Each structure stands twice: as C-alpha cells, then as structure tokens.
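Read in order, the letters of the sequence shown correspond to residues -21 to -1, 1 to 171 in mature numbering (1 follows the signal peptide of the UniProt record, and there is no 0).
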Amino acid sequence: MTKPIITTALLCSLLSMPLLAQPQADSPEAMVAEARSLVKSFGGSLKQALQAAIKEGGLTNGIGVCKTVAPEIARNNSSGGWVISRTSLKVRNPENTPTDWQEIQLLAMDRQPVKNGKPVEVWQVSEASGQPAFQYMSAIPTQKLCLGCHGKSIAPEVKAKLAELYPEDKATGFSEGDLRGAFVVTREVPVN
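Shown next as structure tokens:
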C-alpha cells in the first residue's frame, strides 16, 4: 500500500513541476512578459493602422490616425489594471510628456535605443507612493516610415497638418535609428 502512495505522490510532484516553473502572476518576470505582449499588440496595431491610412490618403491621413486612432488602440490594449501609452523626449502631444522616471530612462535609451538587434527595455517595481507599482518601457527606434512626419525634411503639406493638429509639436528632426520615444506600460499592483 505504501508503494502506490509514494508512486502517486512522486507522479503528482513531477506533473506539478512545470506549474512551479511558471512565473507567478504578479512576479516581475510575469509582468515583464505581459508588458512585452501589450507592446507587441499595441505597436503592431498602430503600425498597421498607420500604413493603411498612409496608403489610402498619404502622410497627412496618417497624422490624423496618430491623433485619433492611436489613443483608441492604447485604450483597447489597456485593461485589467494595465495601461499602455507612449512618451518621448520630444513629444508631439503634450499629454505624452514623460514622468521624471521615464525621462531618466529615455535619456539612457537615447544613447543606445537598440541592443543586440532589439529595442532597449527597462522596468521597475516600485513601492514609492504616487507611482505605479510596475513600470516598463521599450524603446521606439525611428524607422524609415516615421521620417515623413518625424524627420528632418518634412513636406509643406505635412508640416501644415502637423501645425493644425499638434500646435506644440516638438517631435521632428529625427534620423533613422534615433530614439523616437518609448512604449510605456504601467500597472498598479500590491508589492509584497
């Protein structure tokens, strides 16, 4: 009788090992994995919407998508306590101005936005009051597609549309590969 009990206990232990190896839902590893997933979803949806808008009506149409559709995509990807947004050292929309912590991270990312072929990322779990408990940032390197609206040489009709929709725009003068900004993912969680 002891042998079947030991065998059953051993089998249960072995079967539960993969569950134990999984990061706990509120562990930093699990939160980083979820943040990466949210960035991938948000970034992919935004890029797809921008490309479709530009194909349909040119860069000026793309600017309108950035103004109206990007916040909607961010809201659609923000749920369950997770909030996704974008920020930059040179913001187009003043609502995206970085927090002090984000600005420090952006300054560091600005020196090297890509490492080993991937955008640089950083995160922290904080117990400081007034801050999200978890903050994650992933660099947004400037791509060729971005230069029509964010580059050094912008067509007059694009400049006019930018001035109309973003009168406080500072998000120009970039070259391919420069740090354009960062995706930001935050989550309020109890810190153990």
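Just so it is clear, CB atoms sit at the ideal spot from N, CA and C, and this is done for glycine as well. All figures in this text were calculated on a predicted structure; none of them were measured in a lab.
Pairs of beta-carbons, one from the stretch 88 to 99 and one from the stretch 143 to 158, closer than 8 angstroms: are there three or more?
yes
Residues in its own chain within less than 7 angstroms of VAL44 by CB, not counting five upstream and five downstream?
ALA28, LEU29 and ALA32
Taking 7 angstroms as the cut-off, decide whether the C-beta atoms of MET52 and SER24 are in contact.
It should be noted that the sequence gives Ile, not Met, for residue 52. Against a cut-off of 7 angstroms, the Cβ pair of SER24 and ILE52 comes out as a contact.
Kindly indicate which residue of THR47, TYR115 and LEU38 has the alpha-carbon position closest to the one of HIS129.
The candidate whose alpha carbon is nearest that of HIS129 is LEU38.
On the three-pair Cβ rule with 8 angstroms, is the stretch 56 to 75 touching the stretch 140 to 155?
yes
Do you know offhand how far ILE83's Cα is from ILE133's?
29 angstroms
Within 10 angstroms of its Cβ, does GLY41 collect 16 or more other Cβ (buried), or is it exposed?
buried
GLN91: buried (16+ other C-beta within 10 angstroms of its C-beta) or exposed?
exposed
Hey, how far is the Cα of LYS19 from the Cα of CYS125?
Counting only the Cα atoms, CYS125 lies some 18 angstroms from LYS19.
Specify the secondary structure class of SER67 as computed by DSSP and reduced to three states.
Correct three-state label for SER67: coil.
Could you tell me which of PHE21, GLY60, ALA9 and LYS26 sits nearest to ARG166, measuring between CA atoms?
GLY60
Considering THR39, what are the terminal residues of the alpha helix (DSSP H) in which it resides?
7 to 55
C-beta contact flag for TYR115 and VAL164 at 7 angstroms
yes
Is ILE133 helix, strand or coil by DSSP?
coil
Provide the residue span of the beta strand (DSSP E) that contains GLU82, from first to last.
Here GLU82 belongs to no beta strand (DSSP E); instead the alpha helix (DSSP H) covers 79 to 90.
Work out the CA separation of ILE119 and PHE162 for me, nearest whole Å.
PHE162 and ILE119 have their alpha carbons spaced roughly 7 angstroms apart.
Using 7 angstroms as the threshold, is the C-beta distance between PRO73 and GLU147 below it?
yes
Grouping DSSP H, G and I as helix and E and B as strand, with all else coil, what is ALA(-1)?
Interpretation of ALA(-1) is limited by its pLDDT of 44, a score under 50 that renders its predicted location unreliable; no figure is taken from the coordinates.
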